[in-house]
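Note that the protein sequences, when read in sequence, are chains A and B.
FYI, in our numbering the residues of the first sequence are 1 to 267.
FYI, in our numbering the residues of the second sequence are 1 to 267.
C-beta: ideal position from N, C-alpha, C; glycine also.
Take a look at the structure below.
There are 2 protein chains.
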Amino acid sequence: MAIGVFDSGVGGLTVLRALRAALPDRDFVYLGDTARLPYGTKSAASVVRYAGQAADALVARGLSCLVIACNTASAVALPALRARYAPLPVLGVLEPGAAAACAVTRSGRIAVLATEGTVRAGAYERAIRALRADATVTAAACPLFVALAEEGWTGGQVVELVAQRYLEPLLTARPAPDVLLLGCTHFPVLAGAIAQVAGAGLTIVDSAATTARAVCGILGVADGRAHGRGTLRLLATDDVGRFARVGATFLREPIDPAAVELIDLAG
Amino acid sequence: MAIGVFDSGVGGLTVLRALRAALPDRDFVYLGDTARLPYGTKSAASVVRYAGQAADALVARGLSCLVIACNTASAVALPALRARYAPLPVLGVLEPGAAAACAVTRSGRIAVLATEGTVRAGAYERAIRALRADATVTAAACPLFVALAEEGWTGGQVVELVAQRYLEPLLTARPAPDVLLLGCTHFPVLAGAIAQVAGAGLTIVDSAATTARAVCGILGVADGRAHGRGTLRLLATDDVGRFARVGATFLREPIDPAAVELIDLAG
């Protein structure tokens, strides 16, 4: 059975990439709910409903594991999805992201960049404190990063100026953080520009690699050991041409639009 | 009966503002489909479906006229909506925008800034050519403008750099255009920064004022002559707090979140 990966759009392809690198012999089915993206600026009620419809479509295909590769959906919909599909293992990217940050921080002061929805839910603060009770978590909502990443503007002056404006309150906070967690799956493609602005004192982490390790743990397989090549099915709820074009930035390999299946969730 | 105004989100509030200035004694009901915005990056099929559901909800409230204050929806869904609600007058913002550009241009060379969906539909080119067959229309898709406007970043260095990048192919085309048409209802709030980049040789127009005049024509009333004060009802499909906060930039007056009604369309 395949591993299902769900995101509001193309950002989760950064997580899919890490999963395929760790589990090259497994079959994957990825669903991007591009008809209703972005989730990051929407209410919790809408995100819970959209994520439930998308997860239903993936689970109906038969899965060994479901990965919610969207921070906003992980922040607000994960408990409901776990309860609905039990005993199917359902993982979010939030706890793996929190674990990645806690593994790296020395001071326990962690800055998080995320969407409005994830910041509003206070989800990273809770997940980090569950792992390290004395951690200090600051968070900034960076909605323009999503639009920049989708536009393929992954570096240069505009991205750095936007990053400066978003990061400034985090960078000037005292005591300063020592880890910067990218709490949205769109943001890893901007990591180079964000690192320029953040400077050498901050270690940048994201949830892709730790999510892949968590899936390996659940499936009881060692990371990257397998041989052979699994299949990949890509599903989108809107405009497969745009999904292929924009998604290639995130998957870091070309996507054939003819290989993307258009599905209808509802509404 | 009220005048219904529909947009994918808050951008159409720039049109609502012009309509209320022209028709101060009329009642208005505005619906922003914030649960599914933005429309500008979605396929025509999705936009037709979403716009139809939203328009149904407005028409069910009883209207004297329906204004599609969203360029993307006007570009792809207007004929279907007109057919569905006939004899109710249904206006888009596209023909008024084309009329505004044609009224101002001397050379007939018109540059259009719009969303991906509007540009892809070739809608402004058709509407402008219908009014002036010898017009030369160039268009640029500016998806980041939507995100910048929604974030409230309506001026400054980031907006000007983004505008430079989007405008450059239009400004360097020879012969040069003499009119720049803002073909998305989000863009008027960025007009100052866009004008800085465009320079003095380009006259900037949008569709808000001409749409208001077209509605006055349909209703058989003179622009701005009436006295008294009509009512305004605001409806949104997601997060009324965000609608009120972001929408105030576009309506140019404060919006009380408690006065915004949350409605459920579908899906």
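Looking at the structure shown, is Glu261/B part of a helix, part of a strand, or coil, going by DSSP?
-> Within the second sequence, residue 261/B is the residue found at index 261, counting from 1. In the three-state reduction of the DSSP assignment, Glu261/B falls in the strand class, which pools E and B.
Under 8 Å by Cβ, that's how I've got Cys184/A and Thr231/A pegged, so tell me the actual separation to the nearest angstrom.
-> Residue 184/A sits at position 184 when you count from the first residue of the first sequence. Residue 231/A sits at position 231 when you count from the first residue of the first sequence. The pair is not a contact, with the Cβ atoms about 28 Å apart (cut-off 8 Å).
Excluding the 5 residues preceding and the 5 following Gly62/A in the sequence, name in chain order all residues of the same chain whose CB lies nearer than 8 Å to its CB.
-> Position 62 of the first sequence, counted from the start, is the residue given in the question as residue 62/A. In its chain, beyond the 5 residues on either side, Met1, Ala2 have a beta carbon closer than 8 Å to the beta carbon of Gly62/A.
Going by alpha carbons, who is nearest to Ala18/A out of Ala103/A, Val90/A, Pro96/A, Ala133/A?
-> Reading the first sequence from its first residue, position 18 is the one you call residue 18/A. Per the Cα distances, Pro96/A.
Taking the beta strand (DSSP E) that Val29/A falls in, what are its first and last residues?
-> Stepping through the first sequence from its first residue, residue 29/A is reached at position 29. Boundaries of the beta strand (DSSP E) harbouring Val29/A: 28-32, taken from the DSSP string.
Give the residues from the stretch 156-172 of chain A that approach chain B closer than 8 Å (Cβ to any Cβ), ordered along the chain.
-> Close to chain B, meaning a Cβ-Cβ distance shorter than 8 Å, are the following residues of the stretch 156-172 of chain A: Gln157, Val158, Leu161, Val162, Arg165.
Check whether the stretch 130-147 of chain A touches the stretch 181-201 of chain A, counting contact only when three or more Cβ pairs, one atom from each stretch, lie closer than 8 Å.
-> The count of Cβ pairs closer than 8 Å, one atom from the stretch 130-147 of chain A and one from the stretch 181-201 of chain A, reaches three, so the stretches are in contact.
Where Arg26/B and Leu219/B are concerned, what is the direct C-alpha to C-alpha distance, given to the nearest angstrom?
-> For the purposes of this step, residue 26/B is taken as residue 26 along the second sequence, with counting starting at 1. For the purposes of this step, residue 219/B is taken as residue 219 along the second sequence, with counting starting at 1. Cα-Cα distance, rounded: 11 Å.
Which one of Asp264/B, Pro254/B, Phe250/B has the shortest CA to CA distance from Leu16/B?
-> The count along the second sequence starts at 1 and reaches residue 16/B at position 16. Nearest to Leu16/B by alpha-carbon distance, out of Asp264/B, Pro254/B, Phe250/B, is Phe250/B.
Per DSSP, which one or two residues make a beta bridge with Phe145/A?
-> Here the question's residue 145/A lines up with position 145 in the first sequence. According to DSSP, Phe145/A bridges with nothing at all.
Assumed close pair Val76/A, Val112/A - CB separation to whole angstroms, cut-off 8 Å | Start at 1 with the first residue of the first sequence, and residue 76/A comes out as number 76. Start at 1 with the first residue of the first sequence, and residue 112/A comes out as number 112. So it is not a contact: roughly 16 Å between Cβ atoms.
Have a look at Leu167/A and Val197/A and give me their C-alpha separation to the nearest angstrom.
-> Within the first sequence, numbered from 1, the residue matching residue 167/A stands at position 167. Within the first sequence, numbered from 1, the residue matching residue 197/A stands at position 197. For the pair Leu167/A and Val197/A, the Cα-to-Cα distance works out to about 8 Å.
CA-to-CA distance, Val159/A to Gly92/A, given in whole angstroms | For the purposes of this step, residue 92/A is taken as residue 92 along the first sequence, with counting starting at 1. For the purposes of this step, residue 159/A is taken as residue 159 along the first sequence, with counting starting at 1. Straight-line Cα distance between these residues: approximately 28 Å.
Looking at the C-beta of Ala114/B, does it have a partner C-beta in chain A at a distance below 9 Å?
-> Position 114 of the second sequence holds residue 114/B. Taking Cβ atoms only, chain A never reaches closer than 9 Å to Ala114/B, which makes this a no.
If we count the other Cβ atoms within 10 Å of its Cβ and call it buried at 16 or more, is Gly12/A buried or exposed?
-> To locate residue 12/A, count along the first sequence from 1; it is residue 12. The residue is buried, with at least 16 neighbouring Cβ atoms inside 10 Å.
Can you tell me which of Arg132/B, Pro79/B, Arg120/B puts its alpha carbon nearest to the alpha carbon of Gly108/B?
-> Against the second sequence, residue 108/B aligns to sequence position 108. Nearest C-alpha to Gly108/B: Arg132/B.
Contact under 9 Å by Cβ, Val29/A with Val5/A | On the first sequence, residue 29/A is found 29 positions in, with the first residue counted as 1. On the first sequence, residue 5/A is found 5 positions in, with the first residue counted as 1. Yes, the Cβ-Cβ distance between Val29/A and Val5/A is below 9 Å.
Cβ-based burial, Pro177/B [other Cβ within 10 Å; buried from 16] = For the purposes of this step, residue 177/B is taken as the residue at position 177 of the second sequence. By the Cβ neighbour-count rule, Pro177/B is buried, with 16 or more other Cβ atoms within 10 Å of its own.
Using a threshold of 9 Å, state whether the C-beta atoms of Leu144/A and Leu144/B are closer than that.
-> Stepping through the first sequence from its first residue, residue 144/A is reached at position 144. Stepping through the second sequence from its first residue, residue 144/B is reached at position 144. Going by C-beta atoms, Leu144/A is nearer than 9 Å to Leu144/B.
Use the C-beta contact count for Arg106/A: other C-beta atoms within 10 angstroms, 16 or more gives buried, fewer gives exposed.
-> Here residue 106/A refers to the residue found at position 106 of the first sequence. Around the beta carbon of Arg106/A, fewer than 16 other beta carbons sit within 10 angstroms, so the residue counts as exposed.
Quick one: grab the DSSP three-state call for Val221/A.
-> The sequence position of residue 221/A within the first sequence is 221, counting from 1. Note: Val221/A maps to coil in three-state DSSP.
Using a beta-carbon distance below 9 Å, is Glu125/A in contact with chain B?
-> Residue 125/A sits at position 125 when you count from the first residue of the first sequence. No, its Cβ sits nowhere closer than 9 Å to a Cβ of chain B.
Is the shortest distance between the beta-carbon of Val146/A and the beta-carbons of chain B less than 9 Å?
-> The residue given as residue 146/A occupies position 146 in the first sequence. At least one chain B Cβ lies under 9 Å of Val146/A.
Show which residues of chain B have a CB atom less than 8 Å away from the CB atom of Pro257/A.
-> Taking the first sequence and counting its residues from 1, the one referred to as residue 257/A is at position 257. Within chain B, no residue comes near Pro257/A; the closest Cβ sits about 12 Å away, beyond 8 Å.
If I'm right that Thr154/A touches Val189/A with Cβ under 8 Å, what's the distance once you round it to whole angstroms?
-> For this step, residue 154/A is matched to residue 154 along the first sequence. For this step, residue 189/A is matched to residue 189 along the first sequence. Taking a contact as a CB-CB distance under 8 Å, the pair Thr154/A and Val189/A counts as one, their CB atoms being some 5 Å apart.
Interface positions of the stretch 13-37 of chain B facing chain A (Cβ-Cβ less than 9 Å), listed along the chain | For the stretch 13-37 of chain B, the set of residues with a beta-carbon nearer than 9 Å to any beta-carbon of chain A comprises Thr34, Ala35, Arg36, Leu37, in chain order.
Taking DSSP as the reference, what is the three-state secondary structure of Arg61/B?
-> Counting from 1 along the second sequence, the entry for residue 61/B is found at position 61. In this structure, Arg61/B counts as coil in the three-state DSSP scheme.
Below 6 Å CB to CB, which residues in the same chain sit around Ala35/A once its five sequence neighbours on both sides are set aside?
-> Position 35 of the first sequence, counted from the first residue, corresponds to residue 35/A. Same-chain partners within the cutoff: Thr237, Asp238.
Complete alpha helix (DSSP H) runs within the stretch 195-257 of chain A (minimum length 4 residues, chain order) | Taking 4 residues as the minimum length, the alpha helix (DSSP H) runs contained wholly in the stretch 195-257 of chain A are 208-219, 240-251, in order along the chain.
Please list, in chain order, all residues of the same chain as Thr271/A whose beta carbon is under 6 Å from its beta carbon, the five residues on each side excluded.
-> This structure gives no information on residue 271/A, because the portion of chain A shown stretches from 1 to 267.
Local Cβ density within 10 Å of Glu150/A, reported as buried at 16 or more and exposed below that | Reading the first sequence from its first residue, position 150 is the one you call residue 150/A. Around the Cβ of Glu150/A, a 10 Å sphere holds 16 or more other Cβ atoms; the residue is buried.
Show which residues of chain B have a CB atom less than 7 Å away from the CB atom of Pro254/A.
-> If you number the first sequence from 1, residue 254/A lands on position 254. The premise fails here: Pro254/A is roughly 20 Å from chain B at the closest Cβ pair, so nothing lies under 7 Å.
Cβ of Leu262/B within 9 Å of Cβ of Ala57/B?
-> Here residue 262/B is taken as the residue at index 262 of the second sequence, counted from 1. Here residue 57/B is taken as the residue at index 57 of the second sequence, counted from 1. Taking 9 Å as the Cβ cut-off, Leu262/B and Ala57/B do not qualify as a contacting pair.
By DSSP, does Gly52/A sit in helix, in strand, or in coil?
-> Numbered from its first residue, the first sequence carries residue 52/A at position 52. DSSP places Gly52/A in helix when its eight states are reduced to three.
Test: Pro89/B CB closer than 9 Å to a CB of chain A = The residue you call residue 89/B lines up with position 89 of the second sequence. Chain A contact via Cβ: absent.
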